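This report concerns only the one structure given below.
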Amino acid sequence: MPSKRFFTGFFGRHPEISLKRQEKLEAKRASMTNEDMVEEHFRGVYGMIAELKDAGIMDENGLILDPRRIVNLDETPAFVDFADNKGNAKTKRVAGKDDKCIGVSTENRECNTVTMCWGLDGFNYGPQIIVAKKTITEGLAVDALKVFKDEIHEEFHCSTFGIISNTQYGVQTGDTFLDYLKKLDRELSARGINEEVVVLSDSHASRKDVRVLQYAKDHRMRLFFEPPQTSHFLQSLDQYNRQFHCRYNKAKNNLKKQLDRNMNTGDFISLVARIWKDWSSVDDRINSFAQVGILQNRVAPENIDRSQFYVQPPPKEVQKVNTTIASPVGVEKESAEYWQEKYAQAQKIIEAQANREVDPAEAGIMRVEQRQNKTKVSKVRITDSYGSANISGPSWKA
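This is the structure we're talking about:
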């Protein structure tokens with residue numbers, strides 16, 4: 022193992038390189054993170070440019086006519102109270118040299134979901150809070166929800182619309198996503214946006230519900246899905262999800278200092294409502310679109326950060342071997358000289374193939390069957406006992 026002094030001198034002689042901590046990139050995401058995917062997403066036959074032109078949002082010169090008609094929605098999972106202080110972020114405490122350093126804390130690992138939506142013009146649409154409950158009760162109508170009054174505030178670039186949904190596991194389903202689109206439709210109407218709107222989204226299964234697709238078609242919303250495993254560089258909201266969690270954790274830690282009990286779902290809803298208006302700014306929202314190649318007046322794929330792009334290695338060309346040795350020219354066939362010449366040619370071919378890379382799957386050598394992992398299919402039933410409720414209003418119906 023080279024010494025520390027060696028590496029100091031090595032990096033001194035090569036300032037163009039440095040020692041970095043390797044970031045993890047899932048294999049499936051890595052295979053999709055490439056230039057071809059960007060080109061197909063924007064300029065493909067069914068790409069974004071074609072979609073915007075067909076919707077009348079972009080003219081033939083590539084100019085976006087109304088940035089209000091492009092929105093991006095996404096869900097982010099959120100624990101009520103768990104895993105906010107892990108890894109290198111753990112605070113160090115003084116302890117005995119041979120003693121374990123253990124801190125006792127309360128946790129609530131219940132995981133809910135927050136659906137958010139931003140407009141290309143920097144507008145922040147109201148949230149959908151999805152909780153893992155069988156019914157929505159009036160006990161969840163915390164005081165913090167009073168800020169949601171089903172109003173549009175153009176001067177502040179935000180909406181006070183909002184809904185709370187409940188599902189078995191606190192995740193988005195076709196039913197709850199349909200409820201969200203109905204809320205979004207009311208917001209668009211309140212803003213005076215009556216033309217077709219392109220809704221950028223990932224390809225989650227809830228988007229493919231027949232009722233969802235039909236409702237979107239009937240209410241001027243064109244759902245445009247990015248390819249799977251590409252949201253980390255093609256979806257605007259994905260660029261700022263971490264900021265939401267940081268803001269939530271900060272508010273949560275402040276609340277826990279005041280509580281003499283464990284946090285519950287009502288506290289979670291209260292915190293989301295409290296931070297909703299200020300966890301992101303107008304500039305954050307506009308910049309999030311710019312990072313994924315969408316400006317307010319045009320698309321600009323060149324803005325996408327390509328530092329993590331995975332370059333596919335070129336496929337190895339299998340060298341073709343001609344097994345038929347040419348007959349010597351000017352030599353009587355089947356004579357001793359004829360066979361000596363054929364043998365010499367065969368010997369040259371053998372020597373040339375001695376160090377050749379051989380593909381084990383090449384016909385005639387070995388048959389390789391690729392292993393297929395078994396797919397586990399969920400058998401959990403989704404019943405009709407779940408739904409959504411509008412946040413505004415004096416009371417809710419379970």
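Take any residue in the sequence shown, count from 1 to its spot, add 21: that is its number in this note's numbering. Every residue, glycine too, gets a C-beta built ideally from N, C-alpha and C. Note that the coordinates shown come from a computational prediction; the quantities given were computed from them, not determined experimentally.
Classify Y236 as helix, strand or coil using the three-state DSSP reduction.
Residue state for Y236 is assigned as helix, using DSSP reduced to three classes.
Would you call the segment 300–307 and the segment 258–265 in contact, with 3 or more CB pairs under 8 Å?
Here the segment 300–307 lies against the segment 258–265, with 3 or more beta-carbon pairs under 8 Å apart.
Check for me: the beta strand (DSSP E) holding F100 runs from which residue to which?
Taken as a continuous stretch (DSSP letters only), the beta strand (DSSP E) holding F100 covers I91 to D102.
Could you give the DSSP three-state label for Q149: helix, strand or coil?
Strand at Q149.
With a 10 Å radius around its C-beta and 16 neighbouring C-beta atoms as the bar for buried, classify L205 as buried or exposed.
With 16 or more other Cβ atoms within 10 Å, it is buried.
Between which residues of its own chain and I38 is the CB-CB distance below 8 Å, once the five residues before and five after are set aside?
Excluding positions up to five away in sequence, the list reads F32.
Through-space distance from K170 to L209, alpha-carbon basis:
Computed Cα separation, rounded: 16 Å.
Below 8 Å on the Cβ atoms is my contact criterion, and I expect K273 with D102 to pass it. Report the Cβ-Cβ distance as a whole number of Å.
Correct: roughly 6 Å between the Cβ atoms.
Inter-residue spacing [alpha-carbon to alpha-carbon] between L84 and R319:
In this structure, the CA atom of L84 is about 5 Å from the CA atom of R319.
S424 - partner residues in DSSP beta bridges:
Here the chain covers residues 22 to 419 and nothing more, so residue 424 does not appear.
So the candidates are H174, I307, E216 and R232; which of them puts its Cα closest to the Cα of Y201?
A check of alpha carbon separations from Y201 across H174, I307, E216 and R232 identifies R232 as the nearest.
Could you tell me whether the segment 185–201 touches the segment 217–228, using the rule of 3 or more Cβ pairs below 8 Å?
A contact exists between the segment 185–201 and the segment 217–228.
What residues are listed by DSSP as bridge partners for R212?
Partner(s): none; R212 has no beta bridge.
CB-CB length for S222 against L255, believed under 8 Å
So it is not a contact: roughly 11 Å between Cβ atoms.
N- and C-terminal bounds of the alpha helix (DSSP H) containing E436:
An answer regarding residue 436 cannot be provided, because it is not within the stretch 22 to 419 covered by the chain.
Report the residue from V163, V59, A153 and N82 whose alpha carbon sits nearest the alpha carbon of D288.
By alpha-carbon distance to D288, the top candidate from V163, V59, A153 and N82 is V163.
Segment contact, 8 Å Cβ cut-off, at least three pairs: the segment 86–103 with the segment 127–146:
Note that the segment 86–103 touches the segment 127–146; at least 3 beta-carbon pairs, one per stretch, sit closer than 8 Å.
When DSSP labels each residue in this structure, what does S52 get in the three-state scheme?
DSSP places S52 in the helix class (H, G or I) of the three-state scheme.
Apart from the five residues on each side of it in sequence, which residues of its chain come closer than 7 Å, Cβ to Cβ, to I214?
Excluding positions up to five away in sequence, the list reads R89 and R90.
Residues near A76 by beta carbon distance below 6 Å, same chain, minus five either side:
By the criterion of a C-beta distance shorter than 6 Å, A76 is surrounded in its chain by E217, V219 and R243, once the five residues flanking it on both sides are discounted.
Which same chain residues, not among the five before or five after R50, have their C-beta less than 8 Å away from its C-beta?
The answer, listed in chain order, is Q250, T251 and H253.
State the Cα-Cα distance for the pair F246 and N129, rounded to the nearest angstrom.
The C-alpha of F246 lies about 34 Å from the C-alpha of N129.
M69 (DSSP reduced to helix, strand or coil)
Look at M69 here: in three-state DSSP terms it is helix.
Simplified DSSP state of H174, which is helix, strand or coil
Three-state DSSP puts H174 in a strand.
Run through DSSP, which three-state label would S309 get?
DSSP places S309 in helix when its eight states are reduced to three.
Can you find the residues in the same chain that come closer than 6 Å, C-beta to C-beta, to Y146, ignoring five residues on each side of it along the sequence?
Within the same chain, Y146 has close Cβ partners C138, S180 and E208.
Could you tell me whether the Cβ of C132 comes closer than 8 Å to any Cβ of chain D?
Given the protein chain composition of this structure (a single chain), no chain D is represented.
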